[in-house]
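Everything on this sheet refers to the single structure shown next.
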Amino acid sequence: MKINFSKDQFEMLLKTLYLGIWMANAYDDDPEANEFFDLQAYLLGFAKDFGLEDYVAYDEKKKICYPSETITEDETLNLLIERYDDFTFLDKLIYNLAGRDMLDKHGQKTIEKMSDEEFFKEEAFFVEKYQKEFAKNGIKNLTVATTAKKTVSRSSGK
976 MKINFSKDQF
986 EMLLKTLYLG
996 IWMANAYDDD
1006 PEANEFFDLQ
1016 AYLLGFAKDF
1026 GLEDYVAYDE
1036 KKKICYPSET
1046 ITEDETLNLL
1056 IERYDDFTFL
1066 DKLIYNLAGR
1076 DMLDKHGQKT
1086 IEKMSDEEFF
1096 KEEAFFVEKY
1106 QKEFAKNGIK
1116 NLTVATTAKK
1126 TVSRSSGK
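Note that our numbering has the sequence shown beginning at 976, numbered continuously upward.
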């Protein structure tokens, strides 16, 4: 099979590949030990054919192509990564907080007995609460409790 690319299409392919590789390998202990990395190195090897050699850093010792600073420091790509991270962080946080609140309110056994419809309706209440809070205030009101909850005592202390 043969696929033809224009220079602009191949440039977009390299950028898209970089974003995908970044996501797949961002927290990998050995990012070079997978098929994503191998595909990236292979495709970067064709960059010169498209006049995009500034997108490639070549390691003579390993004989491998890497994305150069032209890609890794591309402001548009880094803004996309940052936007993705911000939305993912908030989304995970909202659903984790909603899950915690549901557990506190209903307990595990009750949650397990809920139908999907009941569960998602109840979850939506908590999710919406946190979505509104974070949309209005960001994380400025977010705190982490470092001590046990205080309990209210009705005794007069006498």
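Note that CB positions come from ideal geometry on N, CA and C, so glycine has one too.
The C-alpha of Glu1098 is placed about 7 Å away from the C-alpha of Gly1074. Look at Tyr1002 here: in three-state DSSP terms it is coil, with no helix or strand label. Counting the other Cβ atoms within 10 Å of the Cβ of Ile1046 gives 16 or more, which makes it buried. Approximately 7 Å separates the beta-carbon atoms of Ile1086 and Leu1078; this is inside 8 Å, confirming the contact.
Listed in chain order, the non-local C-beta contacts of Pro1006 below 7 Å within the same chain comprise Asn1000 and Phe1012, local neighbours out to five positions each way being set aside. DSSP places Ala1016 in the helix class (H, G or I) of the three-state scheme. In the same chain as Tyr993, and ignoring 5 residues on each side of it, the C-beta atoms closer than 7 Å to its own belong to Pro1042, Ile1046 and Leu1052, in chain order.
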